[in-house]
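Quick note, the numbering used here runs 47 ahead of the 1-based positions in the sequence shown.
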Amino acid sequence: MATSTTAHVGESNLEAARIDASLREKTPRVQRLYTLLQERMTRPQTTWGSDVTVLNDPELVAEPLVVRRARAFEKALQEMPIALEDDDLVVGNNVLDGVVVRTQLPGYATAEEYDRASDEGASIFAHLAHKTPHYSTLIDRGLASVLSDIDAKLAEIGARPASTERDEKLALFWAMRIEVEAVIGLADRYVVLAETLAGQTQDSARQAELLTIADIFRRVPEQAATSFQEAVQSFWLVHFAMFSTGTAVSCGRLDQYLQPFLEADLASGAITLVQAQELI
48 MATSTTAHVG ESNLEAARID ASLREKTPRV QRLYTLLQER MTRPQTTWGS DVTVLNDPEL
108 VAEPLVVRRA RAFEKALQEM PIALEDDDLV VGNNVLDGVV VRTQLPGYAT AEEYDRASDE
168 GASIFAHLAH KTPHYSTLID RGLASVLSDI DAKLAEIGAR PASTERDEKL ALFWAMRIEV
228 EAVIGLADRY VVLAETLAGQ TQDSARQAEL LTIADIFRRV PEQAATSFQE AVQSFWLVHF
288 AMFSTGTAVS CGRLDQYLQP FLEADLASGA ITLVQAQELI
């Protein structure tokens, strides 16, 4: 939480940004990214995941549906193509050899389960866009803290007398744990990718940016964010992980989640408004 002095300085900087017309212009980096986005919107796209399944594992087929879905989420984050492009500072997209890749959640439900759901009037898409994740918890506490909460619930539920209800709740929290660990694993993939690209580039400035990206992923989203860039990256990686696996969710009040970090970094001189603009 920013102190009153820090908040005052941050608010002054933000007020200056509102009236500074130069900050409404795209920086060269943002212009390049914008041009790339516009160009890719006209390209053919490919799909990953439509022919991938977790149902080829006999042991996994016997697991509850919620656990199978979690394993499908895990498989997607472990195997889907990921990219880190030349001007990226905040990372998380699906591109393979310059082609946009639309990802799908691997198969996890049996034909009988689909038929039963259809008979009951349920849809696999019914949950889409009906919720906003508690991103402030993610940014302020980190996923390691969420894992601790899940483990506490697993221990508490596991101590209850055996029952169908207990087993269903255990399966639910175990599935949560699998998915949280999968997101941390995705961050680890980006550490490797960023360091690999840093070792290949001859551009010293870009190399420094890539090594910073790797360092950020070593911390977030597993741990609490300590800077504006970490907060933005923590949010975006988790958001990216969810929409990459077919879950449409809102960003919520991103301004409220990020403002304390922006104010603190502006007050300390760790970041400029132009740098913050590029990150957003």
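For glycine and all other residues, C-beta sits at the position ideal for the given N, C-alpha and C. These numbers were taken from a predicted model, which means no experiment stands behind them.
Check: Burial state of phenylalanine 290 (16 or more Cβ within 10 Å); Outcome: exposed
Check: Between the CA atoms of alanine 255 and alanine 261 - distance to the nearest angstrom; Outcome: 10 Å
Check: Helix, strand or coil at arginine 90 [DSSP, three-state]; Outcome: coil
Check: Of the residues Arg213, Phe120, Lys216 and Ala288, the one placed nearest valine 101, counting alpha carbons only; Outcome: Phe120
Check: Alanine 158 versus lysine 200: straight-line alpha-carbon distance, rounded; Outcome: 32 Å
Check: Residues near threonine 74 in its chain [Cβ-Cβ closer than 6 Å; skip 5 each side]; Outcome: Glu325
Check: Continuous alpha helix (DSSP H) assignments of at least 4 residues falling wholly in the region 162–209; Outcome: 182–188 and 190–205
Check: Beta-ladder partner(s) of arginine 149, from DSSP; Outcome: Thr94
Check: For valine 138, the three-state DSSP class (helix, strand or coil); Outcome: coil
Check: Glycine 154 in three-state terms, based on DSSP; Outcome: strand
Check: Residue nearest to arginine 118 in terms of C-alpha spacing, selected from Ala311, Glu228 and Leu313; Outcome: Glu228
Check: Meets three-Cβ-pair contact criterion under 8 Å: the region 82–97 and the region 130–149; Outcome: yes
Check: Endpoints, the alpha helix (DSSP H) within which valine 285 is located; Outcome: 275–290
Check: With 16 other Cβ atoms within 10 Å as the buried cut-off, status of glutamate 160; Outcome: exposed
Check: With 16 other Cβ atoms within 10 Å as the buried cut-off, status of glutamate 310; Outcome: buried
Check: Beta carbon of threonine 248 nearer than 8 Å to that of leucine 240; Outcome: no
Check: Neighbourhood of aspartate 187 by C-beta, 7 Å cutoff - its chain only, sequence neighbours within 5 removed; Outcome: Ala271
Check: Assumed close pair leucine 190, glutamate 277 - CB separation to whole angstroms, cut-off 8 Å; Outcome: Rounded, the Cβ-Cβ distance is 13 Å, inconsistent with contact.
Check: Status (buried if at least 16 other CB within 10 Å, exposed otherwise) for serine 281; Outcome: buried
Check: Check: arginine 163 C-beta below 7 Å from any heavy atom of the ligand HEM; Outcome: No copy of the ligand HEM occurs in the structure displayed, which carries no ligand at all.
Check: For threonine 100, the three-state DSSP class (helix, strand or coil); Outcome: strand
Check: Where alanine 323 falls: helix, strand or coil (DSSP); Outcome: helix
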